[in-house]
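Below: the structure, in structure tokens.
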Amino acid sequence: MAAKLHALYPEAKILVLGVFPRRRELSHPHRKQIIELNSCLPELLKDLKNVKFLDIGPSFLDEKGHLSKEMMPDTTHPSEKGHEVWAQAIEGELKAMLDR
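Letter by letter, the sequence shown follows residues 65 to 164 of the numbering used here.
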């Protein structure tokens with residue numbers, strides 16, 4: 065998707081976020097798959113001008129690495145608090161991108 069947007073709008077600044085964590089259990093297969101996917105994305109995006117990758121998933125985890133009920137009560141959709149954390153996590157990068 066980022067490559068297609070970049071091709072259509074080469075001067076656009078694009079922030080690609082990593083896939084957010086799912087499932088509370090650290091051992092759940094989805095957690096491993098998401099970590100693997102997010103680790104591949106920077107390499108896939110590195111040659112696209114004005115495209116930045118940011119993984120804010122850890123912001124939704126507690127100190128033990130579990131998905132916080134406060135952040136994502138249903139393990140998929142951020143709560144109001146989750147949206148606040150999301151906004152704070154990307155604010156600095158968005159400002160930096162707009163200043164370039």
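Built from N, CA and C at the ideal position, the CB exists for glycine as well.
Query, Result
"Bridge partners of Leu118, per DSSP?", "Leu81"
"Span of the alpha helix (DSSP H) holding Pro93?", "93-109"
"With distances taken between CB atoms, is the gap from Leu109 to Phe117 smaller than 8 Å?", "yes"
"Could you tell me whether the Cβ atoms of Met161 and Gly146 are closer together than 8 Å?", "no"
"Report all residues from its chain with a CB closer than 8 Å to the CB of Asn102; omit the five preceding and five following residues, and keep chain order.", "Gly82, Val83, Asp119, Gly121"
"Do Asn114 and Glu157 have their C-beta atoms closer together than 8 Å?", "no"
"So the alpha helix (DSSP H) Asp138 belongs to, where does it begin and stop?", "It is not in any alpha helix (DSSP H) - Asp138 carries neither H nor E in the DSSP assignment."
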